[in-house]
Amino acid sequence: MKFDDKHSFNKPAATVIKMFSDRAYFERKYQMLGFTGIEVLEHEKSDKHFRIKVRYIAKNDVQVPDMLKKFMPGQITVVQQDAWDLTRMTGRLDVEIKGTPVKVSADMTLKDEGKGSANHLKWTVSCSVPLVGGKLEKLTADDIQAKAGRDVATTQKILNDY
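Terminal number for the sequence shown in our numbering: 719, no gaps in between.
Below, the structure written as structure tokens:
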């Protein structure tokens, strides 16, 4: 399943990419979102590239039907990697939801837009389980979209400090 999303911010892309390449931003954001067990597993930054891999525990923001609960529990452990080309302002997000057969990724492009900027995300959600794979993909995509508004609001709040 593929879908597009856009996260808009009130500061220019140069300021947003500075935040997106700051380890402290990720730790603060996940804490503000109420995630637990937050641990930075890997982190590297150079003049041109940034990459961070973080593990955290989150709750699903969508109702999981009983028949899918064995594939997608109400509380999930997530390992998320964000990688950015700081010069091109393009990135990739890879998400592993531990214990589930779902794979999630997004290609990201950050650019100035209007009086601020926007991060354009092209999401891919896949699941190879026969019969229920499509339902799990939709459930995961719905959860991503349910979390997006709070994620953007939290990010904007943190961005005000940059």
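Using N, Cα and C, we set each Cβ at its ideal position, and we do this for glycine too. As the structure is a prediction and not an experimental result, all values here were calculated from the model.
- Under the Cβ criterion (8 Å, minimum of three pairs), the segment 587–600 does not count as touching the segment 564–578.
- Between Ile715 and Met646, the gap from beta carbon to beta carbon reaches 8 Å or more.
- Of the other Cβ atoms in all chains shown, fewer than 16 fall within 10 Å of the Cβ of Gln588; this residue is therefore exposed.
- Annotation: Val686 is outside any beta strand (DSSP E) and is labelled neither H nor E by DSSP.
- By the Cβ test, the segment 681–690 is in contact with the segment 624–639, since at least three Cβ pairs between them sit closer than 8 Å.
- The closest CA to that of Leu696, considering only Gln713, Lys672, Val661, Glu601, is found on Val661.
- Collapsing the DSSP output to three states places Phe577 in a helix.
- Counting along the chain, Arg608 sits inside the beta strand (DSSP E) bounded by residues 606–616.
- Its Cα nearest to that of Tyr719, the residue Ser578 stands out among His564, Ser578, Asp699.
- Relative to the Cα of Thr711, the nearest Cα in the group Ile701, Phe583, Thr657 belongs to Phe583.
- Residue environment analysis places Glu694 among the buried positions, since at least 16 neighbouring C-beta atoms fall within 10 angstroms of its C-beta.
- Residue environment for Ser565: exposed (fewer than 16 other C-beta atoms within 10 angstroms of its C-beta).
- Closest option to Ser603, judged by alpha-carbon separation, among Asp642, Arg585, Asp561, Val636: Asp642.
- Where Arg649 is concerned, the enclosing beta strand (DSSP E) starts and stops at 647–654.
- With a 10 Å radius around the Cβ and a threshold of 16 neighbouring Cβ atoms, Leu598 comes out exposed.
- Restricting attention to Val659, Lys586, Lys616, the CA atom closest to the CA of Ala703 is found in Lys616.
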